[in-house]
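The opening residue of the first sequence carries number 1 in the UniProt record's numbering; numbering runs sequentially from there. All residues carry an ideal CB built from backbone N, CA and C; glycine is no exception. Model, not experiment: these values are computed from the prediction. Everything on this sheet refers to the single structure shown next.
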Amino acid sequence: MMHDTIPAADAAPLLLEWYDRHHRDLPWRVSPPMARRGIVADPYHVWLSEVMLQQTTVQAVKAYFEKFLSLWPTVEDLARAENEDVMKAWAGLGYYARARNLKKCAEAVANDHGGRFPDTEDGLKSLPGIGDYTAAAIAAIAFNRRSAVLDGNVERVISRLYAIETPLPAAKPEMRARVAALTPESRPGDFAQAMMDLGATICTPKRPACSLCPFRAHCRALAVADPETFPRKAQKKDKPLRRGAAFVAIDADNAVYLRKRAETGLLGGMSEVPGTDWTSRQDGDTSLASQPFAAAWEDCGTISHVFTHFELRLSVYRANVARAGTQGNGWWEPVHSLSAQALPTVMKKAIAQAIPHAFKAER
DNA sequence: AAGACGGGGCA
DNA sequence: TGCCCAGTCTT
Numbered sequence: 001m002m003h004d005t006i007p008a009a010d011a012a013p014l015l016l017e018w019y020d021r022h023h024r025d026l027p028w029r030v031s032p033p034m035a036r037r038g039i040v041a042d043p044y045h046v047w048l049s050e051v052m053l054q055q056t057t058v059q060a061v062k063a064y065f066e067k068f069l070s071l072w073p074t075v076e077d078l079a080r081a082e083n084e085d086v087m088k089a090w091a092g093l094g095y096y097a098r099a100r101n102l103k104k105c106a107e108a109v110a111n112d113h114g115g116r117f118p119d120t121e122d123g124l125k126s127l128p129g130i131g132d133y134t135a136a137a138i139a140a141i142a143f144n145r146r147s148a149v150l151d152g153n154v155e156r157v158i159s160r161l162y163a164i165e166t167p168l169p170a171a172k173p174e175m176r177a178r179v180a181a182l183t184p185e186s187r188p189g190d191f192a193q194a195m196m197d198l199g200a201t202i203c204t205p206k207r208p209a210c211s212l213c214p215f216r217a218h219c220r221a222l223a224v225a226d227p228e229t230f231p232r233k234a235q236k237k238d239k240p241l242r243r244g245a246a247f248v249a250i251d252a253d254n255a256v257y258l259r260k261r262a263e264t265g266l267l268g269g270m271s272e273v274p275g276t277d278w279t280s281r282q283d284g285d286t287s288l289a290s291q292p293f294a295a296a297w298e299d300c301g302t303i304s305h306v307f308t309h310f311e312l313r314l315s316v317y318r319a320n321v322a323r324a325g326t327q328g329n330g331w332w333e334p335v336h337s338l339s340a341q342a343l344p345t346v347m348k349k350a351i352a353q354a355i356p357h358a359f360k361a362e363r
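Now the structure itself:
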């Protein structure tokens, strides 16, 4: 009797009962009691949180979500915002194409859809930055659609529940079909959030808490193998090392010379200090030969930063420079307002290496 | 189908 | 410190 595959009709009630007891109170959520009274979450809030949650943990997202909502209370406000202000508000959250697409999506909703998000999966998927997962999540959570929501957490839960041996990403269609079969007509949004919560808190990548799992009597992986070894996945390749140099110029007014990166590509649309290209070549130009303007550059050592597909070792140089002696299309930013700039983490590391107090709180 | 694209959490 | 995590868009 134990560890039988779960009848599809039993899964949702079992999981929702667990969800109602362990529900997490998050800024973009409507509580289960409210949901049962027919209150649905604001599609703008659901969309904003789901885009932020792509590849990003709940903990990291909370503060950004509150900041965005306070700066731009409606999707029309966001559509009217300056691109640069959106990039500044997004700085530090990573995957900056998300911020560029967020702005484009807000404009599309405001200008082409009368300020209302489409209420179907297909309609949502046609918008910038909304793919399979996010379209299904918004449709289920904000519009009560019975869509199959499959993110990394759900993939883990499903792969263990059915002990799926096919490695990812080939197993995705099978997993999606499994989720679709389990998703109920009633409360599909809560079901989706419950599956994701289960993956985030109980069915974790390492050391899952199987004894607390509402599916423990039905989990194939728990019965026949080690749940931690699921989902199976193709092995990843190792990251190359790239090198470069970064130049932190400081003028007499204690301002740092910044410039804007290209709109697309790595860290697209974000700000940076001047520097070399980042290259994997052994003869990479990491020296003073590539200084952006002549000055008495002082060697500040190196910093390291790991990106998704390469590791970067950056030589950092600092110099005091007269503002009149520089050329180019950058600008001078006072050290005390650096924190509010659209600076990605690697640039904050480089600046902090040259100016240790740069991002310390004001006394 | 594979690669580009950040940053944070955990042991 | 090193390893793991994981949606969307582009090629």
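Considering Ser304, what are the terminal residues of the beta strand (DSSP E) in which it resides?
Against the first sequence, residue 304 aligns to sequence position 304. For Ser304, the enclosing beta strand (DSSP E) starts and ends at 298-306.
Of the residues Lys360, Pro7, His23, Pro173, which one's Cα is nearest the Cα of Ile202?
Position 202 of the first sequence, counting from 1, holds the residue named residue 202. Nearest option by C-alpha distance: His23.
Which residues mark the beginning and the end of the beta strand (DSSP E) in which residue 375 is found?
Because the chain here runs from 1 to 363, residue 375 falls outside it and cannot be looked at.
Check each candidate in Leu343, Val321, Leu267 and name the one with the smallest Cα separation from Val291.
Counting from 1 along the first sequence, the entry for residue 291 is found at position 291. The identity of residue 291 in the sequence shown is Gln, whereas the question assumes Val. With distances taken between Cα atoms, Gln291 lies closest to Val321.
DSSP state of Val248, grouped into three classes?
Against the first sequence, residue 248 aligns to sequence position 248. Reduced to three states, the DSSP call for Val248 is strand.
Quick one: grab the DSSP three-state call for Lys239.
Residue mapping note: residue 239 aligns to position 239 of the first sequence, counting from 1. In the three-state reduction of the DSSP assignment, Lys239 falls in the coil class, being assigned neither a helical nor a strand state.
Residue ranges of each alpha helix (DSSP H) run of no fewer than 4 residues wholly in the UniProt domain "HhH-GPD" (52-201), ordered along the chain?
58-71, 75-80, 83-90, 97-112, 121-125, 132-143, 152-161, 172-182, 188-201
Report the three-state DSSP secondary structure of Trp47 (helix, strand or coil).
Stepping through the first sequence from its first residue, residue 47 is reached at position 47. Helix at Trp47.
Compare the Cα-Cα distances from Val46 to each of Glu66, Cys210, Lys88 and report the closest residue.
Counted from its first residue, the first sequence places residue 46 at position 46. Of Glu66, Cys210, Lys88, the residue nearest in Cα terms is Glu66.
Taking buried to mean at least 16 other C-beta atoms within 10 Å of its own C-beta, is Asp190 buried or exposed?
Position 190 of the first sequence holds residue 190. Buried, by the Cβ-count rule.
Could you give the residue range of the beta strand (DSSP E) that holds Lys260?
Within the first sequence, numbered from 1, the residue matching residue 260 stands at position 260. Taken as a continuous stretch (DSSP letters only), the beta strand (DSSP E) holding Lys260 covers 255-260.
Please classify Met347 as buried or exposed, where buried requires at least 16 other C-beta atoms within 10 Å of its C-beta.
By one-based count along the first sequence, residue 347 stands at place 347. By the neighbour-count rule (16 or more Cβ atoms within 10 Å), Met347 is buried.
Taking all protein chains shown into account, do 16 or more other C-beta atoms lie within 10 angstroms of the C-beta of Asn111, making it buried, or fewer, making it exposed?
On the first sequence, residue 111 is found 111 positions in, with the first residue counted as 1. Answer is exposed; the Cβ neighbour count stays below 16.
Around the Cβ of Thr57, are there at least 16 other Cβ atoms within 10 angstroms (buried) or fewer (exposed)?
By 1-based counting over the first sequence, the position of residue 57 is 57. Exposed.
Going by DSSP, which residues form a beta bridge with Asn320?
As a first step, residue 320 must be located in the first sequence, where it is residue number 320. Note: Asn320 sits in a beta bridge opposite Ile250.
Are three or more beta carbon pairs between the region 170-183 and the region 213-229 nearer than 8 Å?
Output reads no: the region 213-229 does not touch the region 170-183.
Less than 8 Å separating the beta-carbons of Tyr19 and Ala194?
Residue mapping note: residue 19 aligns to position 19 of the first sequence, counting from 1. Residue mapping note: residue 194 aligns to position 194 of the first sequence, counting from 1. Taking the C-beta atoms as reference points, Ala194 is found nearer than 8 Å to Tyr19.
If you check the beta carbons only, do Ser280 and Gln341 fall under 8 Å apart?
By one-based count along the first sequence, residue 280 stands at place 280. By one-based count along the first sequence, residue 341 stands at place 341. No, these two residues do not count as a Cβ contact at 8 Å.
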